[in-house]
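Colleague: Quick one: structure below, then a few questions.
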Amino acid sequence: MASAEHASWAKQLQSERALLAKAEIDIEEGWRRVRTQQELLDWLQRAGHDTEQAERLVNLLKRTLVEWERHRTLIVQRVAYLEGQLTSH
7 MASAEHASWA
17 KQLQSERALL
27 AKAEIDIEEG
37 WRRVRTQQEL
47 LDWLQRAGHD
57 TEQAERLVNL
67 LKRTLVEWER
77 HRTLIVQRVA
87 YLEGQLTSH
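This note's numbering numbers the first residue of the sequence shown as 7 and each following residue consecutively.
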């Protein structure tokens, strides 16, 4: 393998690993926000308040996190590919 090609893959791998670490943190914090919002929604429901907007927010947060998790999966796949390139050549 050419040294420049190896260096390029190594740099890409480093970048993807950093993106993966950020994605993990963002997803963890996102689920924490969902739990907080769900607790507030539950409280509003018990108190007899209109919860339509709160329910929409919780659902939107959940859908967003599902997309973030899909993106994380793509990053994991890219990391695996790059690791394979670096170890097989």
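Even glycine gets a Cβ: it sits at the ideal position worked out from N, Cα and C.
Give the straight-line distance between the Cα atoms of lysine 68 and glutamate 11, rounded to the nearest whole angstrom.
Modeller: For lysine 68 and glutamate 11, the distance between alpha carbons rounds to 40 Å.
Colleague: Would you mind reading off the limits of the alpha helix (DSSP H) that contains aspartate 32?
Modeller: Segment 9-52, the alpha helix (DSSP H) holding aspartate 32.
Colleague: Just the C-alpha distance for leucine 50 and threonine 57, rounded to the nearest angstrom, thanks.
Modeller: Near 7 Å, if we compare the C-alpha coordinates of threonine 57 and leucine 50.
Colleague: Given a cut-off of 8 Å, decide if alanine 16 and isoleucine 81 are closer than it, judged by their beta-carbon atoms.
Modeller: It is not a contact, given that the beta carbons lie outside the stated cut-off.
Colleague: May I have the straight-line CA-CA distance separating glutamate 89 from leucine 47, to the nearest angstrom?
Modeller: One C-alpha to the other measures close to 44 Å.
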